[in-house]
Every structure is written in structure tokens, then in C-alpha cells.
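The opening residue of the sequence shown carries number 1 in full-length UniProt numbering; numbering runs sequentially from there.
From the three backbone atoms N, C-alpha and C, an ideal C-beta is built for every residue, glycine too.
These notes are about the structure you will find just below.
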Amino acid sequence: MKLRPSRRAVMTLSYDGRLELSIAGVTKQDAGVYTCVVSNEVGRAESNAKVVVLDRDAKKEEADSDATAVKKPDVPYSKEPKFLTKPMSTEAYEGDNIVILCEVIGDPKPEVLICLLCW
1 MKLRPSRRAV
11 MTLSYDGRLE
21 LSIAGVTKQD
31 AGVYTCVVSN
41 EVGRAESNAK
51 VVVLDRDAKK
61 EEADSDATAV
71 KKPDVPYSKE
81 PKFLTKPMST
91 EAYEGDNIVI
101 LCEVIGDPKP
111 EVLICLLCW
């Protein structure tokens, strides 16, 4: 499901390829795997981040983390879309605010999309 901006979910894409998805007051319905897809005429890349929403009363447990932050390469130019920073998996308590961040490069400038696959 393609995410659309709302009062609680705000997406910003800066000129330098930094995409930020901020979700205020997360609920159980916000849990799932968020996929960041970048594409241009030359290629396509995607990366996932898992969001776990915990009950406020529940004991905090470690979330599975399939995605990790990637150090920025020293490559200022790229034809195919590439992630400079991949989105990271996170966990939050109901009502918390979360931010999913990724940074991309590509030429021509890639189109960026975030989708939610609920589980």
C-alpha cells in the first residue's frame, strides 16, 4: 500500500535525496514492513525497515533488525539509484513518534516511494 501524507504521517524529500517519514502517535496499525523504493530510467533499488509497535504496558523486547545503517560511500555521482543511508528497523510504544529515514543518489534524480506491507 503506497503511503499518503496525513495529519499523522508526513513525508519530506529534500533536494539532496534525503527522505524522511515521520509518524506521530503510532498505533498497532502502523506496525509492518516499510519498503523504500527508488527508481529512475536507469534502474531501481529498494530497502526495508520493520516497525514494531509495543503495548505501553508490555515489557520491551528486542525487535528483529533486518536493515542496518550504511555508511555513505565517497561516490558523489551515481547513475543507478543507490542508498547512501538505508532505513532502519525500529520499535516504539503506542503513542510514540517515529522517523524512518533514507538517503539516495542517482542520475537522473530518482523517484522515491515508501510503501507499507502490514503483517
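Under the three-state reduction of DSSP, which class applies to Lys109: helix, strand or coil?
-> coil
On the premise that Ala45 lies in contact with Lys82, defined as a C-beta separation below 8 Å, what is that separation, rounded to the nearest angstrom?
-> 6 Å
DSSP-derived helix/strand/coil call for Lys50 = strand
For Ser47, I'd like the list of residues in its chain whose CB is within less than 7 Å of its CB, leaving aside the five on either flank, ordered along the chain.
-> Cys36, Ala67, Phe83, Lys86, Pro87, Cys102
Note down the Cα distance separating Ser89 from Val38, rounded to an integer number of angstroms.
-> 18 Å
Bridge partner(s) assigned by DSSP for Leu116 = Tyr34
In whole angstroms, what separates the C-alpha of residue 197 from that of Ser14?
-> Past the boundaries of the shown model lies residue 197; the chain is included only from 1 to 119, so the question cannot be answered.
Drop a sphere of 10 angstroms on the beta-carbon of Tyr34, count the other beta-carbons inside from all chains shown, and report buried for 16 or more, exposed for fewer.
-> buried
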